[in-house]
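Line by line, the protein sequences are chains A and B.
In terms of my numbering, the first sequence opens at residue 13 and continues consecutively.
In terms of my numbering, the second sequence opens at residue 85 and continues consecutively.
From the three backbone atoms N, C-alpha and C, an ideal C-beta is built for every residue, glycine too.
Note that the coordinates shown come from a computational prediction; the quantities given were computed from them, not determined experimentally.
Contents: one structure, followed by commentary.
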Amino acid sequence: MKLVTAVIKPFKLDDVRSALESFGVHGMTVSEASGYGRQKGHTEVYRGAEYTVDLVPKIRLEVLLDDGDVDDVVEVIVKTSQTGRIGDGKVWVAPVDTVVRVRTGERGVDAL
Amino acid sequence: MDAAQGPALEETTSGAGPDLHTKRFRTARAAVVDAGDLSAAQRRKALSDLCDRWLAEIYGPLPTPGMALVAVGGYGRREILPGSDLDVVLVHDGSRDPAEVARIADSVFYPVWDARVPLDHSVRSLDDAAQVAGGDLKVALGLLDARHVAGDPDMTHALAERNLAAWRRAAARRLPELRETVREREQRSGELAYLIEPNLVDSYGGLRDTVVLRAVAASWVADWPHSPAVEESRAWLLTVRDALHRSTGRRADRLLLQEQDDVARLVGLLDADVLLRRVSEAGRAIAYASEVGWRAVDRTLRSRSRVPLLRRRVTRRPLTDGVVEHDGQAVLARDAPLESDPTLAVRAAAAAAQAGVPLATATLERLVAESPDLPVPWPPSARDAFVRLLGAGRDGIPVWEDLESAGLVVRWLPDWERIRHRPQRTPIHRHTVDRHSIEAVAEGAELARRVSRPDLLLVAALLHDVGKGWPGDHSATGAVIAEGMAARMGFTEADVAVVSELVRHHLLLPAVATSRDLEDPATTRMVAELLGSVEQLDLLATLTEADARAAGPAAWTPWRAALVRDLVARTRAVLEGEHPERFGSGDEHPADLWARTLAESGAFDVLVTAPDLDQVCRVTVVAPDRVGLLAAVAGVLALHRLEVRGASVDTIDGAAVQVWRTVSEFGPPPDDAVIRRDLVKALDGSLDVEARLARRSQDRRPPAIHIAAPRVHLVPDASHTATVLQVRAHDEPGLLHRVASLLAHARVAVRSAVVDTLGADVVDVFYLVDEGGGPLDADRAQGVRDLVAEALGSRA
């Protein structure tokens with residue numbers, strides 16, 4: 013099992029979510045996040061006074077998947093959230109030892 | 085209590101044996117809780133009686149002289165709900181051996197614990213009880229409801245009498261203490277009338293406050309409220325609490341969203357909305373009675389203070405025409421034109437709110453009963469006062485609540501009725517719609533310096549959710565309703581349109597910021613086209629923040645704020661390229677022909693018109709221009725207690741033409757000759773305006789309410805021929821004079837100026853030029869700004 017985590021631009025959330033749902037992914041965790049990567053925040057000029065936006069608002073999205081679905085899902089996320097400009101975000105995949113469904117106590121793939 | 089003594093006790097309580105009592109009690113109790121045909125009041129009574137009988141049975145065989153089992157608190161009032169604790173005191177005369185007392189206590193309390201009935205108990209001698217009650221308010225309050233259950237009735241009687249006598253004796257010390265606990269509780273648990281998930285007991289206006297009111301009445305310092313509404317509200321809240329206990333199966337006081345439908349069904353109401361609305365009404369009635377009660381306490385305690393009557397100084401100062409502050413409350417002046425002046429109610433409310441004092445109850449009652457309805461559209465003085473009422477911000481909320489409870493708000497704005505006490509079902513909101521609107525106004529008052537039209541900001545904040553009273557998308561519906569309401573208030577057509585558009589778009593910025601690509605020029609272009617001007621954008625951005633802050637901490641996270649700020653900055657860049665910023669409310673008078681002709685002849689003259697229907701009199705001043713003229717005129721007007729509502733100041737070929745719209749603070753305005761004489765004296769230095777104003781401001785109490793700090797800024801690119809300085813501040817007498825004096829001392833000439841008083845806020849724009857008649861250089865301009873900002877900021 014794998015955990016796919018994506019950090020994307022906030023306005024792309026709806027697109028990504030509906031793309032994932034039509035792919036068959038129905039559960040995910042979404043949170044508001046702030047951060048920066050190569051984008052390093054950006055500098056705005058407002059009425060002659062420069063101010064720095066240190067942390068850029070992003071959406072963090074997490075999906076637990078069976079190993080076989082991972083590549084497709086990553087591709088769906090990347091394709092839908094791409095604008096081609098700096099700050100589009102990142103997607104990464106990490107192995108997961110075990111998953112337990114709290115309600116039933118099911119473990120492993122059954123709990124996905 | 086010594087558990088090791090347990091076994092020995094059971095021997096003393098032989099006979100029927102505790103187990104038998106307990107079993108019978110539990111069965112009977114369950115039957116009463118489940119009985120669907122009992123009303124809540126019948127159930128409370130039945131449960132109390134049952135507990136009385138049970139405890140009397142348990143107590144039965146115990147020695148009685150000099151000892152009694154006493155019900156206190158809610159049990160003392162026979163208000164046992166399905167989840168209630170039993171509050172009891174075992175009181176004794178102190179003559180028994182302590183070990184024996186402990187043994188008796190155990191034999192009373194063990195069966196109760198064994199029956200798993202929650203018990204709040206204490207064992208005290210009469211002297212102990214008096215001592216503990218003297219230090220612990222909660223104990224003293226509980227004992228006020230003392231009721232005999234078993235044992236020696238003389239002991240119960242002695243306990244209750246001693247406590248009541250002590251309570252009355254120490255009222256002057258204890259009531260302020262009690263009031264402090266009420267305030268702390270309000271901070272912690274909010275106000276019952278406005279919460280979506282209220283605590284029926286602890287929220288302000290809840291059951292606890294009726295107990296407090298009883299305690300106040302018992303002290304003889306103030307009466308129990310005469311209105312039957314309090315007793316009815318109390319009974320109703322007990323009924324809801326009874327249903328909540330039955331629905332949750334435990335002692336629960338907070339009416340959570342998830343329980344509301346079930347509770348509504350149990351009390352026989354249609355749905356949770358109806359339930360919450362009725363709970364709100366009860367909360368408001370109790371809160372209002374509490375306010376009235378506490379004010380009476382304050383007055384009585386003050387008058388009982390040791391200062392001899394003649395030497396005691398009752399503060400009495402005029403607040404506005406017809407309204408006086410007397411002893412910490414706003415009251416009507418003896419000759420107030422109540423029946424002939426429909427604006428008096430709103431003016432009195434504004435004056436009270438701005439002074440940070442409540443309207444006296446009798447005054448409020450007279451205003452409700454006797455003042456005629458406001459004409460529609462409202463006259464400007466009523467609108468202006470209404471905006472000042474809103475501009476008092478958080479400190480003005482108590483005045484607003486009093487007006488609301490008295491029904492004046494709905495009389496002024498009938499459409500308000502639809503959102504009164506209206507609950508809303510979204511996780512981000514804490515308050516009912518009406519209270520959320522007022523919270524948004526308070527947040528808006530805090531942010532008022534960010535916009536050039538604070539009056540429109542405050543009104544839009546008040547009305548932004550008014551559409552929630554009607555079906556459909558509340559922004560779109562609200563825009564239509566708000567249009568009607570703003571027109572009713574007498575705003576100009578253009579201003580009505582601004583308010584209506586603000587309401588229509590009040591969710592636009594967060595929606596776009598979180599769901600659209602901000603780097604796409606089409607996004608910002610769309611927002612810019614919808615809003616049309618930087619002024620409108622600033623208003624909307626500020627309204628958005630005020631709305632979100634009012635909703636609750638979850639609605640304005642740094643994450644959301646950053647996205648909205650980004651969108652606003654980008655939209656501003658688009659708008660600034662296209663539209664220059666507009667200033668002023670647009671209804672200033674141009675200098676008329678008379679003034680222009682005079683100006684051309686180089687004359688010096690002053691003309692004061694008689695007050696128009698709305699008490700506004702125009703003061704026109706024509707004079708050869710010189711540095712310091714504006715300061716002198718503003719100062720002389722302030723000296724004559726003429727409040728400046730607006731002014732336009734122009735220079736035509738070396739002659740200044742100033743048209744001032746003023747309202748006389750008290751009585752008729754002075755005539756032209758007096759103003760002219762003082763102006764000449766002020767200009768030649770024989771009248772020290774500054775000193776006179778300073779002396780007067782010593783008599784004036786600084787505002788008791790919190791006001792937002794002033795903002796002074798240079799507006800770049802607003803003019804090629806002058807430096808434009810904008811001052812946004814809370815209005816106070818002589819403010820314009822101070823700013824103009826600072827400019828004069830800096831040897832800067834004011835070529836023209838637009839002055840606007842919008843409710844309690846002023847927005848003044850000065851076009852400054854140097855000795856050569858051109859704009860100031862950048863350093864000097866910044867220096868002048870800093871000078872003014874520092875002078876105003878240090879006083880704020």
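Given a cut-off of 8 Å, decide if A:E44 and B:W643 are closer than it, judged by their beta-carbon atoms.
Sequence index remark: in the second sequence, residue 643 of chain B carries index 559 (1-based). Sequence index remark: in the first sequence, residue 44 of chain A carries index 32 (1-based). The answer is yes: Cβ separation under 8 Å.
Helix, strand or coil for A:K21? Go by DSSP, reduced to three states.
Sequence index remark: in the first sequence, residue 21 of chain A carries index 9 (1-based). Coil, per DSSP.
Counting only Cβ pairs nearer than 8 Å, list the residues of chain A close to B:D62.
Because residue 62 of chain B is not part of the residues shown, which for chain B are 85 to 880, the question remains open.
Look up B:Y851 in the DSSP assignment and give the residues it is bridged to.
For the purposes of this step, residue 851 of chain B is identified with residue 767 of the second sequence, where counting begins at 1. In the DSSP output, where bridge partners are listed per residue, B:Y851 has B:V808 and B:S836.
Along the chain, where does the alpha helix (DSSP H) containing B:L262 start, and where does it finish?
The count along the second sequence starts at 1 and reaches residue 262 of chain B at position 178. Segment A255 to S273, the alpha helix (DSSP H) holding B:L262.
Report the option in A:G96, A:V37 and A:R115 whose CA atom is closest to the CA atom of A:L15.
Here the question's residue 15 of chain A lines up with position 3 in the first sequence. Nearest C-alpha to A:L15: A:V37.
Step through the CB atoms of chain A and report whether any lies within less than 8 Å of the CB of B:T608.
For the purposes of this step, residue 608 of chain B is identified with residue 524 of the second sequence, where counting begins at 1. Closer than 8 Å: no.
Taking only runs that begin and end inside the stretch 751-826 of chain B, name each unbroken beta strand (DSSP E) of 3 or more residues, in chain order.
Here the runs fully enclosed are 795-798 and 807-814.
Under 7 Å, CB to CB, which of the residues in the stretch 579-604 of chain B have a partner in chain A?
Residues passing the 7 Å Cβ filter: T598, S599, R600, D601 and E603.
In chain order, what residues of the same chain have a beta carbon less than 7 Å from the beta carbon of B:T628, not counting five sequence neighbours either side?
Locating residue 628 of chain B in the second sequence gives position 544, counting from the first residue. Closer than 7 Å at the Cβ level, and outside the excluded window around B:T628, lie H590, L593, P594 and V648.
How is the alpha helix (DSSP H) around B:W320 delimited, first residue to last?
Taking the first residue of the second sequence as position 1, residue 320 of chain B is located at position 236. Start and end: P312 to T332.
Listed in chain order, which residues of the stretch 30-52 of chain A have Cβ atoms closer than 9 Å to some Cβ of chain B?
Listed by position, the residues of the stretch 30-52 of chain A near chain B (Cβ gap below 9 Å) are E44, A45 and S46.
Quick one, which residues of the stretch 248-260 of chain B are near chain A if we go by CB-CB under 8 Å, in chain order?
From the stretch 248-260 of chain B, no residue has a Cβ closer than 8 Å to chain A.
Counting only C-beta atoms, is A:D83 closer than 8 Å to chain B at any point?
Translated into positions along the first sequence, residue 83 of chain A becomes position 71. No, no contact with chain B.
So, with DSSP's three-state summary, where would you put B:L350?
What you label residue 350 of chain B is simply residue 266 of the second sequence in a count that begins at 1. Here B:L350 sits in helix by DSSP.
Flag A:P69 as yes if its beta-carbon sits less than 8 Å from any beta-carbon of chain B, otherwise no.
Position 57 of the first sequence, counting from 1, holds the residue named residue 69 of chain A. Judged by the 8 Å Cβ criterion, A:P69 is in contact with chain B.
Is B:Q782 closer than 8 Å to B:H797 when the C-beta atoms are compared?
In the second sequence, counting from the first residue as 1, residue 797 of chain B sits at position 713. In the second sequence, counting from the first residue as 1, residue 782 of chain B sits at position 698. No; because the gap between Cβ atoms is not below 8 Å, this pair is not in contact.
Which residue marks the beginning of the beta strand (DSSP E) containing A:G47, and which one marks its end?
Numbered from its first residue, the first sequence carries residue 47 of chain A at position 35. Its beta strand (DSSP E) spans residues T41 to G47.
For B:W643, would you say it is in contact with chain A, using Cβ-to-Cβ distances shorter than 8 Å as the test?
Here residue 643 of chain B refers to the residue found at position 559 when the second sequence is read from its first residue. It does: the Cβ of B:W643 has a partner Cβ on chain A nearer than 8 Å.
Hey, does B:A862 have any beta-carbon neighbour from chain A nearer than 8 Å?
Against the second sequence, residue 862 of chain B aligns to sequence position 778. Judged by the 8 Å Cβ criterion, B:A862 is not in contact with chain A.
Can you tell me where the alpha helix (DSSP H) with B:A490 in it begins and where it stops?
Position 406 of the second sequence holds residue 490 of chain B. Unbroken alpha helix (DSSP H) run through B:A490: I481 to A490.
Could you tell me the distance, in whole angstroms, from the CA atom of B:L422 to the CA atom of B:P461?
Within the second sequence, the letter at position 338 stands for residue 422 of chain B. Within the second sequence, the letter at position 377 stands for residue 461 of chain B. About 20 Å.
Any beta carbon of chain A sitting closer than 8 Å to that of B:L647?
By 1-based counting over the second sequence, the position of residue 647 of chain B is 563. Taking Cβ atoms only, chain A reaches closer than 8 Å to B:L647, which makes this a yes.
Any chance the stretch 689-703 of chain B sits against the stretch 461-478 of chain B, with 3 or more Cβ pairs inside 8 Å?
Taking 8 Å as the limit for Cβ pairs, the verdict is that the stretch 461-478 of chain B does touch the stretch 689-703 of chain B.
Given this structure, state the Cα-to-Cα distance separating A:L25 from A:A31, to the nearest angstrom.
Within the first sequence, residue 25 of chain A is the residue found at index 13, counting from 1. Within the first sequence, residue 31 of chain A is the residue found at index 19, counting from 1. About 10 Å.
Would you call the stretch 700-714 of chain B and the stretch 741-752 of chain B in contact, with 3 or more CB pairs under 8 Å?
Yes, the stretch 700-714 of chain B touches the stretch 741-752 of chain B.
Let me check understanding here. Comparing Cα to Cα, which of A:W104, A:G47 and A:K21 lies closest to A:V85?
Here residue 85 of chain A refers to the residue found at position 73 of the first sequence. Nearest option by C-alpha distance: A:W104.
Count the other CB atoms, across all protein chains shown, that sit within 10 Å of the CB of B:S331; report buried if there are 16 or more and exposed otherwise.
For the purposes of this step, residue 331 of chain B is identified with residue 247 of the second sequence, where counting begins at 1. The residue is buried, with at least 16 neighbouring Cβ atoms inside 10 Å.
Quick one: Cα of B:P349 to Cα of B:V611, how far?
Taking the first residue of the second sequence as position 1, residue 349 of chain B is located at position 265. Taking the first residue of the second sequence as position 1, residue 611 of chain B is located at position 527. It is Arg, not Pro, that sits at residue 349 of chain B in the sequence shown. Taking the straight line joining both Cα atoms gives about 46 Å.
Please classify B:D689: does DSSP put it in a helix, a strand, or coil?
Here residue 689 of chain B refers to the residue found at position 605 of the second sequence. Of the three classes helix, strand and coil, the one that applies to B:D689 here is strand, per DSSP.
Restricting to Cα atoms, I'd like to know which of B:L385, B:I789, B:R537 and B:A319 is closest to B:W304.
Here residue 304 of chain B refers to the residue found at position 220 of the second sequence. Taking only the C-alpha atoms, the option nearest B:W304 is B:L385.
Rounded to whole angstroms, what's the CA-CA distance from B:D499 to B:V658? Just pull it up for me.
By one-based count along the second sequence, residue 499 of chain B stands at place 415. By one-based count along the second sequence, residue 658 of chain B stands at place 574. Going from the Cα of B:D499 to the Cα of B:V658 covers about 37 Å.
Could you check the C-alpha separation between B:M85 and B:A186 for me, to the nearest Å?
Your numbering for residue 85 of chain B matches position 1 in the second sequence. Your numbering for residue 186 of chain B matches position 102 in the second sequence. Only weak support is given to the placement of B:M85: the predicted model assigns it a pLDDT of 40, under 50, and the question is left unresolved by the model.
At 9 Å on the CB atoms, spell out the chain B contacts of A:R72, in chain order.
Sequence index remark: in the first sequence, residue 72 of chain A carries index 60 (1-based). By Cβ distance, chain B contributes nothing, its closest Cβ being about 11 Å from A:R72, past 9 Å.
Our contact map puts B:V32 next to B:V324 with C-beta atoms below 8 Å; I'd like the distance itself, whole angstroms only.
What is shown of chain B runs 85 to 880, which leaves residue 32 of chain B out entirely.
Would you mind sorting B:V692 into buried or exposed? The rule is 16 or more other CB atoms within 10 Å of its CB.
By one-based count along the second sequence, residue 692 of chain B stands at place 608. Counting Cβ neighbours within 10 Å, B:V692 comes out buried, since at least 16 surround it.
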